[in-house]
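All remarks here apply to the structure that follows.
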Amino acid sequence: MTDQKAPVEQSGEPVAQPENQETKSTIAYETHRKLLDEKKKLQAQLESFLAKEKEREETDARKRGDYEALLKAREEELARERAQRQELDERITRGMKLTSVIEALGGQVDQKWYKLIDTDEVAVNPETGEIDKMTVARVAESLKKQWPEMVQKVTKFPAQAPQGLNGGPGKITESEWKTLKNSAEMNKWRRDQIIWGQ
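For the sequence shown, my numbering begins at 1 and goes up steadily by one.
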C-alpha cells in the first residue's frame, strides 16, 4: 500500500483516474451492410434447408405409407397460414378503422395519440368489410370531448395570404401598398410580394 498514491485530501497530489475504456457505439455503414447481406444469405440457406427437410420427411412418409403423418403436417401448416392471414386481416381492419377516425376528427393528429383511439368501438360490416360511419363519428366526437388537444387545426396560409389588388395574385404595387389603411395590413405583405417602383 505504500507504492499507491493517496487521494487528493491526504497527499495534496491528485491521483490519475483511469481513462474510460468505452468502446465506440457506432458501426460503420459498410460493416452494417455486410452484416445485413450475410444475414439475408443465411436466412435464405435456412429456408432452403427447411424446405428440403420437409420434402424429405414427406417422401419418407409416402414410402412408409404413413398418410396420417402427411395429413397432420398439412393441417398444421394450414393452421399456421390461417393464423397469419387472420392476423394480417386484423391489422388491415384496425388500420382502416384508425384512418377513418383520424379523418373524422378533422385536422392533424400526431402519432403519439394513435394509441388512445379505441378502434374496437368502430363497427365493421362483416359481409362487405365497410366501416360504419355512425360509429366512427361517435368515436371521433368522444375523442374531441375527452382529448381536445389531440386535434391540431391546420392553418391554411395560402388561402389567408393577401391576394393583391391589381398586381395579380400574391402581388401588390408599391403605390397600392402605401394606400393600405394601417400598418397591420401592410405587414401582411412580404417584400418579395411588393412590386417596387410602381
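Don't be surprised by glycine CBs; every beta carbon is placed ideally from N, CA and C.
Tell whether a beta-carbon distance below 8 Å holds between residue i and residue j.
i	j	result
I172	W189	yes
K144	V151	yes
L98	Y114	yes
W147	L116	yes
V139	V122	yes
V136	S100	yes
Kindly indicate which three-state DSSP category residue i falls into: helix, strand or coil?
i	result
R190	coil
L136	The amino acid at residue 136 is misidentified as Leu; the sequence shows Val. In this structure, V136 counts as helix in the three-state DSSP scheme.
A184	helix
G167	In this prediction, G167 has a pLDDT of 46, which is less than 50 and means its spatial position is unreliable; what the coordinates show is noted afterwards. Coil at G167, not helix or strand.
T119	helix
T31	helix
T128	coil
For the alpha helix (DSSP H) containing residue i, list its first residue and its last residue.
i	result
I102	67 to 105
Q111	First-last for Q111: undefined, no H or E at that position.
Are there 16 or more other CB atoms within 10 angstroms of the CB of residue i, so buried, or fewer, so exposed?
i	result
T119	buried
I92	exposed
L71	exposed
I27	exposed
E185	exposed
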